[in-house]
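In the working numbering, the protein residues as written are 206 to 338.
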């Protein structure tokens, strides 16, 4: 039993760091977007929940990869911040293609939300695969 729990301290450290990074991600991402995701979600705007949800998964995938590959907590933190930056960049790139993105998501348009969500998820998958340090 003791050997089974030997990794518990490391688990707790990485888990707490991951939860903190997810909180930081949600705070920064929702500030970077031109619409208020949480207010829209409270109003049951499904497009906002879809876009944010896929974006969150697009962040969580490379964060998980960072946890798996990290040699130290600092490695994990640095690569988690890289994953965060990639998702913000994806949002801004999608806005170039679709300048009225936030208005469309706020208006409940699922096509815009799904396009942003798919771009976020695709970037997250590629980002996670590229984290082979």
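Every residue, glycine too, gets a C-beta built ideally from N, C-alpha and C.
Since residue i is in the alpha helix (DSSP H), which residue starts that stretch and which ends it?
i           : result
residue 242 : 242-247
residue 312 : No alpha helix (DSSP H) holds residue 312; DSSP gives it neither H nor E.
residue 299 : 278-302
On the three-state DSSP scale, how would you describe residue i?
i           : result
residue 267 : helix
residue 238 : coil
residue 273 : helix
residue 332 : helix
residue 224 : helix
residue 255 : helix
residue 262 : helix
Check the C-beta distance from residue i over to residue j and give it rounded, since I have them as a contact under 8 Å.
i           : j           : result
residue 296 : residue 321 : 7 Å
residue 266 : residue 253 : About 21 Å separates the two Cβ atoms, so there is no contact after all.
residue 270 : residue 292 : Contact flag wrong, Cβ pair sits at about 14 Å.
Report buried or exposed for residue i, applying the criterion of at least 16 other Cβ atoms within 10 angstroms of its Cβ.
i           : result
residue 275 : buried
residue 288 : buried
residue 213 : exposed
residue 236 : exposed
residue 305 : exposed
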